[in-house]
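Remarks on the structure that follows.
Residue numbers (our numbering): 22 to 413.
Written out as structure tokens, the structure reads:
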């Protein structure tokens, strides 16, 4: 019996070490400007621009792997990578690394508020952690339960704090991550990187204004190389903007100058305009919601088609669409172990969306925008006319 208990304890401690390491290194693969760099990778098919792919490579095969395997034990790095990818046995420790109430979210909610000076999204972290329990939820295939898995549970005293957490996380998107200025800068950044990589691939690196040994040029030449990807960070890009201002390519020169001097494109909030016209009282009747979605999608498509017909290398209109769910009911693909479970006063474990009217009432945040040069009156009129034409 003592031998069995000792082995169980040893496994528990091992999982704790793996979870701690995974929580610390799961995002090491982020490129310059974080998720904005991933949009560049998606457009160009650059595998290592995906931070999850890059993180997995670094943890399994890079310097991080050497340190983890040497300082902890052989094979430890692979165990860390597997937990991040949710491979192998799923335990309570997976919820620490990736769930709707994981260490990453609890960290960046506080960090990003502080770094941006925002007063939104405050959470009572101390109270949440003090009322964090461990419970068991069913797991299975389709609708058939095959067993139980341990997961974190919010005690009944902290339900309001959990509501504030979900609401606060949701507020970060319109106020910080999806703010029109933030997104406007990211759009220019993405256009610069896409054009730069394409010029290098087309054998015209000289048009970029960057020397052949610059990290961005090296990455464009060898995007599958870990070394060239690792050489990129925010400072490399910011430092390149001074040189890109003198590029022979007009887009690179103009957009680099705009980013350096904060002369961003003007934002036209397509969705806000359409919503105001279709549903001025915000009653959200089904037919109005459907019309708003239909109009936004159509205007975006028509603007993209209009832009493709324009002459010149510099885009006159850049469209932007995104959406964010405040909370994934049922834990989405992760099931009950990834949802936020709360314990009722009667001892039942339920999804917070079932317990909270506030969380249940939250709708999906969506944006549909168009960015254009403020001096380009024609572009502004085209956007307005397309909206009017769709609304009828």
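For glycine and all other residues, C-beta sits at the position ideal for the given N, C-alpha and C.
>> Taking the alpha helix (DSSP H) that residue 323 belongs to, which residues open and close that run?
In response: From DSSP, the alpha helix (DSSP H) with residue 323 extends over 307-329.
>> Report the CB separation of residue 40 from residue 89 in whole angstroms; it is logged as a contact under 8 Å.
In response: About 13 Å separates the Cβ atoms of residue 40 and residue 89, ruling out a contact at the 8 Å cut-off.
> Between residue 411 and the rest of its own chain, which residues show a CB-CB distance below 6 Å, the 5 nearest in sequence each way excluded?
Replying inline: Answer for residue 411: 316, 319, 320, listed in chain order.
> Considering residue 393, what are the terminal residues of the beta strand (DSSP E) in which it resides?
Replying inline: Counting along the chain, the beta strand (DSSP E) containing residue 393 begins and ends at 386-393.
> Which residues in the same chain have their Cβ closer than 7 Å to the Cβ of residue 255, if we skip the five residues on either side of it in sequence?
Replying inline: Cβ within range, chain order: 53, 54.
>> According to DSSP, residue 43 sits in a beta bridge with which residue or residues?
In response: In the DSSP assignment, residue 43 is bridged to no other residue.
> Looking at the unbroken beta strand (DSSP E) that takes in residue 370, where does it start and where does it end?
Replying inline: Start and end: 370-372.
>> Can you check which of these residues, 67, 127, 114, 144, is closest to residue 245 by C-alpha distance?
In response: Residue 67 is the option with its Cα nearest to residue 245.
> What is the DSSP secondary structure of residue 286, reduced to helix, strand or coil?
Replying inline: In the structure shown, the three-state DSSP call for residue 286 is coil.
> Can at least three beta-carbon pairs, one atom from the segment 295-307 and one from the segment 253-273, be found at a separation below 8 Å?
Replying inline: Judged by Cβ distances under 8 Å, the segment 295-307 makes no contact with the segment 253-273, as fewer than three pairs qualify.
>> Applying the 10 Å Cβ sphere with the 16-neighbour rule, what's the burial state of residue 115?
In response: Residue 115 is classed as buried because its beta carbon has at least 16 other beta carbons within 10 Å across all chains shown.
> If you draw a straight line from the C-alpha of residue 125 to the C-alpha of residue 398, how long is it?
Replying inline: Answer to the nearest angstrom: the Cα atoms are 44 Å apart.
>> Could you pull the DSSP bridge partners for residue 56 from this structure?
In response: Its beta-bridge partners do not exist; DSSP assigns none.
> Thinking C-beta only, is residue 377 closer than 8 Å to residue 213?
Replying inline: Between residue 213 and residue 377, the CB-CB gap reaches or exceeds 8 Å.
> With DSSP run on the structure shown, which of helix, strand or coil describes residue 346?
Replying inline: For residue 346, the secondary structure class from DSSP, reduced to helix, strand or coil, is coil.
> With a CB to CB cut of under 6 Å and the five nearest residues on each side skipped, what residues in its chain are close to residue 226?
Replying inline: Closer than 6 Å at Cβ, skipping near neighbours: 238.
>> Quick check on residue 156: does DSSP put it in helix, strand or coil?
In response: Secondary structure at residue 156: strand, using DSSP grouped into helix, strand and coil.
> Any idea what DSSP makes of residue 338, helix, strand or coil?
Replying inline: In the displayed model, residue 338 falls within a strand according to three-state DSSP.
> Among the residues of its own chain, which have a CB less than 7 Å from the CB of residue 103, if the five just before and after it don't count?
Replying inline: Exclusion of the five residues before and after residue 103 leaves 109 as the residues of its chain whose Cβ lies within less than 7 Å of its Cβ.
> Is it the case that the Cβ atoms of residue 101 and residue 46 are separated by a distance below 8 Å?
Replying inline: At the C-beta level, residue 101 and residue 46 come within 8 Å of one another.
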